[in-house]
Amino acid sequence: MSEELRARVLAAAAAETSPTRADVRRRNLLIGFVAAASGLGAFVIFTALMSEGHLLRLGGQVSPDQYLERPVGLVATSVGGALVIAATAAWLALRRGRSMLGRSRGRLLWGAALMPISLLAWKVGCSIAFGASMVAWPERPGERCLALSLFVAAGPLLSFLAIRRSAPVQPALNGAVIGFAAGAFAWIAADLWCPIAYVPHVLLGHLLPLGVLAGAGALLGRALLAPRSK
Amino acid sequence: MAVITNEGLDGADAAMERYARGDAAAFGDVYDAIAPRLLVFLRRATRDASASEDLMQQTLLHMHRARGSFIPGAPVMPWACAIARRLVTDSARRRRVEQRLFSEIPADDDRMMYAPAAATAAADDLLHAHRLAGRIQQRIDALPELQRNAYQLIRHEGLSLKRAAEVLGTTVSAVKLRAHRASVALRAVLRDAEKPA
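Chain order of the listed sequences is Z and P.
Note that the first sequence covers residues 3 to 232 in the working numbering.
Note that the second sequence covers residues 9 to 205 in the working numbering.
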């Protein structure tokens with residue numbers, strides 16, 4: 003090994019500042035706040051734009067189902083369960099386990115498969131248990147919920163990618179799981195806003211965004227998380 | 009075949025842990041512990057001394073940038089190998105694109121550039137050994153990438169099946185199968201060499 007090479011590498015490292023573990027912890031906390039704020043802000047903006055007064059000012063129509071009342075217990079149970087699933091998804095997507103190479107492909111694939119299934123099962127199960135809102139709403143196919151989910155998830159998706167930063171093994175799959183995790187948080191927003199549990203509506207408006215976000219996450223993961231040669 | 013030892017790797021893990029906490033001097037220890045093995049890994053992968061030095065520098069700088077996310081107790085070498093492997097793939101892809109753009113350079117030229125100069129040995133057995141080593145290297149180069157990577161990580165880098173599987177992002181049984189197939193192919197080269205002409 004040449005001393006010249008060693009000196010060159012150490013000098014290059016010294017010339018480039020890099021965050022220590024404590025810096026990364028602070029930075030990730032800040033990014034977490036930004037993710038939460040962007041998701042919450044997007045939710046508030048979207049619901050304000052979709053409010054009765056705003057829609058009427060724009061000459062739009064207000065459908066009566068928009069104000070369908072749900073029991074508080076149903077909302078709390080449904081959102082609470084989704085929150086637990088979303089937190090688990092974020093833990094799976096952002097923590098690497100005990101290895102710097104991240105979680106194994108099998109675990110990531112299992113997680114990616116279980117996330118949407120468990121969210122859908124929980125939503126439908128809660129609605130059946132509370133005997134509410136499983137009726138068809140043909141005038142609400144789900145495009146507003148789709149838009150809400152994508153709008154709310156954009157900030158968390160980028161923030162989660164920034165927190166993860168690098169995945170030398172399976173960057174696309176890691177990105178897809180990050181997309182699912184961001185989608186799981188957007189699911190909570192859609193669940194809070196939308197009273198409909200009609201399954202075709204849930205599939206299009208609530209579940210499809212998870213697929214879209216997973217695809218976007220995979221593309222962004224491959225582009226941003228994989229180490230690149232210069 | 010290189011003799012595999014794990015000396016220094018525990019030291020590398022501890023040095024990386026100190027570096028992650030902010031001890032700037034620990035990077036030198038990380039370098040000393042992993043750079044020789046990393047360079048051998050990269051030389052085998054690229055067969056180009058200057059390219060491998062450049063990629064090793066990039067790998068270590070990548071680790072430097074990511075030091076804050078280093079997990080306490082995590083082994084450093086599989087991480088370094090995974091980054092290096094990704095950089096080799098990316099650099100080869102980039103080279104192919106450049107070759108396509110400057111099409112006067114034949115696509116196979118990099119192999120020629122990386123080929124080691126023929127050694128001149130007087131003794132017949134030395135010549136025979138050299139030829140055999142060349143044939144084995146050719147066979148290693150001709151192996152499918154998945155088999156070659158598995159074989160190199162296990163036989164040359166001394167990683168366990170589990171660690172190699174993590175680096176390659178696959179299962180232990182898949183790595184075992186790939187390394188076995190590579191070994192079978194290389195044994196065939198040795199058998200052919202032993203046959204009388």
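Backbone N, C-alpha and C fix where the C-beta goes; we use that ideal spot for every residue, glycine too.
Asked	Found
The region 206-215 of chain Z / the region 152-159 of chain Z touching (three or more Cβ pairs under 8 Å)	yes
As assigned by DSSP and simplified to three states, the class of I198 (chain Z)	coil
Members of the region 173-200 of chain Z near chain P, C-beta cut-off 9 Å	P173, L175
Straight-line Cα distance separating V48 (chain P) from A37 (chain Z)	42 Å
is_contact[L69 (chain P), chain Z] using C-beta, thresh 8 Å	yes
Length of the line joining the Cα atoms of A129 (chain P) and E165 (chain P)	Only weak support exists for where A129 (chain P) lies, its pLDDT of 46 falling under 50; the value from the coordinates is given anyway. Between A129 (chain P) and E165 (chain P), the C-alpha separation is close to 29 Å.
Three-state secondary structure (DSSP) of G113 (chain Z)	helix
Alpha-carbon to alpha-carbon, A138 (chain Z) and G83 (chain Z)	24 Å
Buried versus exposed call for S231 (chain Z) [16 or more other C-beta atoms within 10 Å across all chains shown]	buried
From Z:I165, Z:L205, Z:L94, Z:A225, residue whose alpha carbon lies closest to that of L148 (chain Z)	Z:L205
First through last residue of the alpha helix (DSSP H) which encompasses V175 (chain P)	169-176
Proximal chain Z residues relative to D98 (chain P), where beta-carbon distance stays under 9 Å	A228, P229, R230, S231
First through last residue of the alpha helix (DSSP H) which encompasses P211 (chain Z)	210-226
Through-space distance from A199 (chain Z) to Q107 (chain P), alpha-carbon basis	56 Å
Host alpha helix (DSSP H) of T54 (chain P) (start-end)	34-54
CB contact check: R167 (chain Z) to chain C, cutoff 8 Å	In the displayed structure, chain C is absent; the protein chains listed are Z and P.
Positions along the region 147-166 of chain P whose CB lies within less than 8 Å of some CB in chain Z	none
Buried/exposed call for L68 (chain P), threshold 16 Cβ in 10 Å	buried
The region 164-187 of chain P: positions lying closer than 9 Å to chain Z by Cβ	R171, A173, E174, V175, L176, G177, T178, T179
Limits of the alpha helix (DSSP H) - the one that F162 (chain Z) falls within	145-166
R94 (chain P) to W87 (chain P) span [Cα, whole Å]	11 Å
Short CB-CB distance (under 8 Å) between R224 (chain Z) and chain P	no
Reference I42 (chain P); option with closest CA among P:A28, P:S77, P:A20, P:Q146	P:A20
Same chain, Cβ closer than 8 Å to S60 (chain P), neighbours up to 5 away in sequence not counted	L47, L50, R51, A53, T54
Distance CB(P211 (chain Z))-CB(A186 (chain Z)) smaller than 8 Å	no
Whole-Å CB distance - G2 (chain Z) paired with G219 (chain Z), under 8 Å assumed	Residue numbering for chain Z in the displayed model covers 3 to 232; residue 2 (chain Z) lies beyond these limits and cannot be assessed.
Euclidean distance between Cα positions of T90 (chain Z) and S80 (chain Z)	16 Å
7 Å CB neighbourhood of A23 (chain P) in its chain, flanking five on each side removed	A34, D37, V38, A41
Amino acids of chain Z, ordered along the chain, whose beta-carbon sits closer than 9 Å to that of S60 (chain P)	Those do not exist, as S60 (chain P) stays about 10 Å from chain Z at its closest Cβ, beyond 9 Å.
Cut-off 8 Å between Cβ atoms - residues of its own chain near A169 (chain Z), not counting five sequence neighbours on either side	G104, N176, G177, G223, L227, A228
Which of helix, strand or coil DSSP assigns to S4 (chain Z)	coil
Residues that V36 (chain Z) contacts on chain P, provided the C-beta gap is smaller than 9 Å	Residues of chain P passing the Cβ test: none, with the nearest at roughly 18 Å.
Proximal chain P residues relative to S80 (chain Z), where beta-carbon distance stays under 7 Å	By Cβ distance, chain P contributes nothing, its closest Cβ being about 35 Å from S80 (chain Z), past 7 Å.
DSSP three-state assignment for S106 (chain Z), whether helix, strand or coil	coil
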